[in-house]
Amino acid sequence: MTTTTRPISWIKAARKDFEEFPMPVQMDALRALTVAAEGRMADHVKPLKGFDNGVMEIVLRHRGDAFRVIYAVQIGEEIWVLHAFQKKSTQGIKTPKHEIDLVHERLKRLKEVLR
287 MTTTTRPISW IKAARKDFEE FPMPVQMDAL RALTVAAEGR MADHVKPLKG FDNGVMEIVL
347 RHRGDAFRVI YAVQIGEEIW VLHAFQKKST QGIKTPKHEI DLVHERLKRL KEVLR
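Here's what the structure looks like:
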């Protein structure tokens with residue numbers, strides 16, 4: 287059985303933010319993205335609330351800090367990394383609205399560019 291690995295593409299700003307993460311967090315996220323590229327879902331990935339199917343959130347923890355990498359699997363052939371951020375929640379477990387708004391905006395712009 288052959289598996290097709292999909293390419294992983296990055297929104298430039300997401301890549302820049304991602305590169306600020308501690309190296310162990312980057313490694314965990316890249317492993318999860320590789321699993322996604324192979325058509326599966328890593329254990330610490332879940333659908334991002336408020337989006338259609340296909341927008342996923344990698345949940346990462348490191349030394350008491352929380353990090354998130356948001357990617358979309360249903361835009362063309364590629365997996366698109368839309369956003370990466372350190373979660374500094376003042377509202378419990380809820381993802382801050384400005385982070386969600388940013389993902390919506392990047393997703394919208396990406397769809398327009400790729401049409």
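For the sequence shown, our numbering gives the first residue as 287, with consecutive numbering after it.
Yeah, the Cβ is synthetic: ideal placement off N, Cα and C, and Gly gets one too.
Since this is a predicted model, take the numbers as computed values, not measurements.
Query	Result
Cutoff 6 Å; reference K373; Cβ partners in own chain excluding five residues on either side	A352 and R354
Distance between beta carbons of E391 and F371, contact taken as under 8 Å	At roughly 14 Å, the Cβ-Cβ gap does not stay under 8 Å, so F371 and E391 are not in contact.
Contact under 7 Å by Cβ, V341 with W296	no
Proximity to P362 [Cα-Cα], best of D303, A323 and F307	Looking at the sequence itself, residue 362 is Gly, so the reference to Pro does not match. Nearest C-alpha to G362: A323.
Spatially closest choice to E364 from R317, G325, E305 and F304, by CA coordinates	G325
Inter-residue Cα distance where the pair is L388 and G350	25 Å
Reduced DSSP category for H330 - H, G, I as helix; E, B as strand; rest coil	coil
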